[in-house]
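J.:
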Amino acid sequence: MHTGVCGEILKIEHLSFGYEKGEKVLTDISFEAHDKESIGIIGSNGIGKSTLMKLLVGLYLNYEGRLEVAGHTMDKKNLNHIREHVGYVFQDSDSQLFLSTVEDDVAFGPQNYGLSAEDVEKRVTSALQRVHIEALRKKQTYKLSGGEKKLAAIATILAMEPDIIIMDEPSVALDPRNRKNLIGILNEIDALKLITSHDLDFVMDTCERTILIDDGKIIADGKTDEILRDKELLEYHGLELPLRFGGC
Amino acid sequence: MNSIEKNLLELNRIENLQQRSHWMNRLHPLGKLLLSVLYIFTVVSFDKYKVTPLILMSVYLIFGFIIGELSFREGIYRVRLVLPLVIFVGILNPFFDKRVLFYLGTFAVTGGMVSMLTLMLKGFYAVLSSYILIATTSIEDICYALRCVHVPKTVVLVIMLIYRYFDVMAKEADRIMTAYTLRAPSQKGIHYKAWGTLVGQWLLRSMDRAEMVYESMLLRGFNGDFKMRRKEVKKIDVLYPLFWIIVFIIIRHF
């Protein structure tokens, strides 16, 4: 739900985290993000991108450093409040959609936040319209195609009208048409977006800012166009140039 | 297609039935739930020698299947696991109750035979009426109805989660079985040496998936209570159960 907070809505200072004691997955991560920004988080497999995203929604709270979301410090006390402002789109849409129909699943979030039946209805309709799947409203979730599932998963988050939308590998397993459709939809969403992806062309199309992570640390943070053209930097950290810049 | 896949397909077919736009599906779930419970209680309450009124009680099932556009054959097929139990439950009655009630020509019909028949019919009716409820009402709606009658939210939540996680576990089992079968094409079933690893993998993977589903729920404000959309009660939602309650009373008492 929109806070109406303008400017800086995500503040991370010297964030470190490890699943096991003594084994850090993320080390000294610091960055700030502003309202309506679109940020790509890139890096090779297993460097902690998904862990960072899960920290931002409070799935792990035993971190070191400072983490502030929508003006609230990330801790147990503020968890419910923070989650009202952050939407998380899982890589595996099957895990996100757990109710019988698309409509029920999209309504799940707004209902939990105590909205009236009328408001829930409005939210559901608006979310489905924004991802252009109004026709799938009554469809059973198990019957959806991969692309439809992804859009339905995004609709479940949009219905909560979050200030921050986090997406874990949104372009995975999408065909070119669905991928293009998703790019258009993401570019229309008016919220801070944090997108982790290996699909650098996708990042190029959806994010104006990119953060490169390797070995649990921020290696580069800047304009997408500059970072994704830097062949040496990308290759050194296990990535390749986007296809449009001659990558393979 | 392996047996897990078949069972998943079966589950999907039932979900298809539940999501139809048929008027019986749109009836208020509380009315349908109470009607089913009342039907079962009425059927069970008949005397063990009263066959005629029991046969009359089948009118509810016939109506349910015909008007509800449900296939009787499919219904029987889906409850096939319970039916043997229903059939065998009274099979010993003819040996214990040998009192002759009446003659069919020269054939003596004993009390045991009649009570066996009524017991079978009672079980059969109970199973089929439950099937009608399940085929026309989604699990969410049944849970909503349970909450309406103040069943504790923990119980309702457990029912809902078991149903959801059953699906998660079945899908994982299906994936593992498919992957195994494709790499052991000439093998019948699973080799005993692989059982331990496969079951372990299945549990771990199911737990991972279940955890993701739960995280997804938490991130959308879930706090231990499934908040369901309030369903409006229309005239038909009251008239339909009322009609059947009157029918049950008439058959039961006259």
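Protein chains in written order, with this note's numbering: chain A, -7 to 240; chain B, 582 to 835.
Where a beta carbon is used, it is the ideal one built from N, C-alpha and C, also for glycine.
These figures come from a predicted structure and were not determined experimentally.
#1: With burial defined as no fewer than 16 other Cβ atoms inside 10 Å of the residue's Cβ, what is the status of T762 (chain B): buried or exposed?
#2: My guess is that I34 (chain A) and S189 (chain A) are in contact by the Cβ rule of under 8 Å, so how many angstroms apart are they, rounded?
#3: Can you list, in chain order, the residues of its chain whose CB lies under 8 Å from that of E881 (chain B), leaving out five sequence neighbours each side?
#4: Between which two residues does the alpha helix (DSSP H) containing S797 (chain B) stretch?
#5: Please check the pair F9 (chain A) and T43 (chain A), which I expect to be a contact at CB under 8 Å, by giving their CB distance rounded to whole angstroms.
#6: Which two residues bound the contiguous beta strand (DSSP E) that contains G32 (chain A)?
#7: Taking 8 Å as the threshold, find out whether the segment 45 to 54 of chain A comes into contact with the segment 217 to 231 of chain A through three or more Cβ pairs.
#8: Taking the alpha carbon of L614 (chain B) as the point to measure from, which residue in B:M758, B:Y746, B:E721 has its own alpha carbon closest?
#9: Locate the beta strand (DSSP E) running through H190 (chain A), then write down its first and last residues.
#10: When the distance is taken between beta carbons, is L7 (chain A) closer than 8 Å to L59 (chain A)?
#11: I'd like to know whether the C-beta of G802 (chain B) is nearer than 8 Å to at least one C-beta of chain A.
#12: Can you tell me which of A:F237, A:L226, A:R201 puts its alpha carbon nearest to the alpha carbon of F23 (chain A)?
#13: In this structure, how does DSSP classify S719 (chain B) when only helix, strand and coil are distinguished?
#14: By alpha-carbon positions, which one of B:V749, B:V708, B:S617 ends up nearest to L662 (chain B)?
#15: Could you name the residues that DSSP lists as bridge partners for F683 (chain B)?
#16: Looking at the C-beta of F90 (chain A), does it have a partner C-beta in chain B at a distance below 8 Å?
#17: Of all the residues that make up the segment 772 to 786 of chain B, which are near chain A by a beta-carbon distance shorter than 7 Å?
#18: Give a yes or no on whether the C-beta atoms belonging to V618 (chain B) and L635 (chain B) are separated by under 8 Å.
#19: Going along chain B in order, which residues have a C-beta closer than 7 Å to the C-beta of V17 (chain A)?
#20: Which one of A:I74, A:T148, A:R236, A:R169 has the shortest CA to CA distance from K3 (chain A)?
#21: Taking Cβ-Cβ distances below 9 Å as the criterion, which residues of the segment 78 to 89 of chain A are in contact with chain B?
#22: Which residues in chain B sit within 8 Å of A101 (chain A), going by Cβ to Cβ distance?
#23: For the alpha helix (DSSP H) holding M741 (chain B), just list the boundary residues, first then last.
#24: At 3 residues or longer, and completely inside the segment 148 to 192 of chain A: list those beta strand (DSSP E) runs for me, N to C.
#25: Buried or exposed for G656 (chain B), going by 16 or more other Cβ atoms inside 10 Å?
#26: Beta-carbon within less than 8 Å of I177 (chain A)'s beta-carbon, same chain only, minus the 5 sequence neighbours each way: which residues are those?
#27: Using a Cβ cut-off of 8 Å, pull out every chain A residue sitting near S797 (chain B), in sequence order please.
#28: Taking I648 (chain B) as the reference, give the member of B:T699, B:A716, B:L590, B:K808 with the closest Cα.
#29: At the level of alpha carbons, what is the spacing between G40 (chain A) and A109 (chain A)?
#30: With a cut-off of 8 Å on the beta carbons, I'd call D27 (chain A) and D155 (chain A) a contact; round off their distance for me.
#31: Using 8 Å as the limit for Cβ to Cβ distance, is Y134 (chain A) near chain B?
#32: By DSSP, does S92 (chain A) sit in helix, in strand, or in coil?
#33: Under the assumption that I1 (chain A) contacts L184 (chain A) (Cβ atoms under 8 Å), give the Cβ distance between them as a whole number of angstroms.
#34: Based on Cα-Cα distance, which residue from B:L714, B:I830, B:V670 lies nearest to M701 (chain B)?
T.: So, to answer that:
#1: exposed
#2: 7 Å
#3: The question about residue 881 (chain B) has no answer here: the residues shown for chain B are numbered 582 through 835.
#4: 773 to 799
#5: 6 Å
#6: 30 to 34
#7: no
#8: B:E721
#9: Looking at the DSSP string, H190 (chain A) is not in any beta strand (DSSP E), and its letter there is neither H nor E.
#10: yes
#11: yes
#12: A:R201
#13: coil
#14: B:V708
#15: B:V690
#16: yes
#17: none
#18: no
#19: Ordered by position in chain B, no residue passes the 7 Å Cβ test against V17 (chain A), which lies about 17 Å from the chain.
#20: A:I74
#21: V78, G79, Y80, F82, D84, D86, S87, Q88, L89
#22: The residue you asked about is not Ala; residue 101 (chain A) is Gly in the sequence shown. Under the 8 Å cutoff, chain B gives R801, G802.
#23: 734 to 764
#24: 156 to 160, 184 to 188
#25: buried
#26: R122, V123, H124, L143, I146
#27: Y80, F82, S87, Q88, F90
#28: B:A716
#29: 39 Å
#30: 7 Å
#31: yes
#32: coil
#33: 6 Å
#34: B:V670
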